[in-house]
Amino acid sequence: MPKEILVVLNSKRGAVKAQLTRIKDFVNNPDEMEKTKLESKMDTLKSLRIKLSDIRNEYYEVVVNDSDLEPLELEILDLEDDCEYIQLRIKNIITKIDLKNNDVTSCGNSFMNIKLPNIQLP
6 MPKEILVVLN SKRGAVKAQL TRIKDFVNNP DEMEKTKLES KMDTLKSLRI KLSDIRNEYY
66 EVVVNDSDLE PLELEILDLE DDCEYIQLRI KNIITKIDLK NNDVTSCGNS FMNIKLPNIQ
126 LP
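Numbering (this note's numbering), first residue to last: 6 to 127.
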């Protein structure tokens, strides 16, 4: 029974790892930088962190030997580190997008406030 549960947990961990890889590839692709897509990926990352925590807890319930648990724990820690790195990268990209949008709008607003002088025609 525990062997079957371990197979299921390993496949869950593999699915989370695959999702993380897809998100990482998305973030590294400069053509896909839309704020709404990035925010959606951020929400997905939050749910992946919850899944990783659940998987870790299930491993603790199933695995008896600490020596067997250590490599699994290291793998999950690596995935959590990747998750955190991707979240920081997304936040930085969103901040850059916001700054870029603010620069464009502030530049446009400054030209709206200029009043041209009246020219007297002969």
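Heads up, the beta-carbon is just placed ideally off N, CA and C, and yes, glycines get one too.
Check residue i in the structure and name its three-state DSSP category.
i      : result
Pro154 : A question about residue 154 goes unanswered here, because the residues of the chain that appear run from 6 up to 127.
Asn107 : helix
Gln125 : coil
Thr41  : helix
Lys120 : coil
Val67  : helix
Check the C-beta distance from residue i over to residue j and give it rounded, since I have them as a contact under 8 Å.
i     : j     : result
Val12 : Ile91 : Not quite, the Cβ-Cβ distance comes to about 27 Å (not below 8 Å), so this is no contact.
Leu50 : Ile28 : 7 Å
Glu75 : Arg18 : Not really, about 15 Å apart at Cβ, beyond 8 Å.
Leu84 : Leu25 : 6 Å
Ile99 : Leu53 : Ile99 to Leu53, Cβ: 18 Å. No contact.
Glu63 : Leu14 : 6 Å
Just to confirm the assignment, what range does the alpha helix (DSSP H) spanning residue i have?
i     : result
Ile10 : 7-33
Open item on the list: Whether or not the segment 33-44 and the segment 63-73 are in contact is what I'm after, with contact meaning three or more pairs of Cβ atoms, one per stretch, closer than 8 Å; do they touch?
Closed with: no
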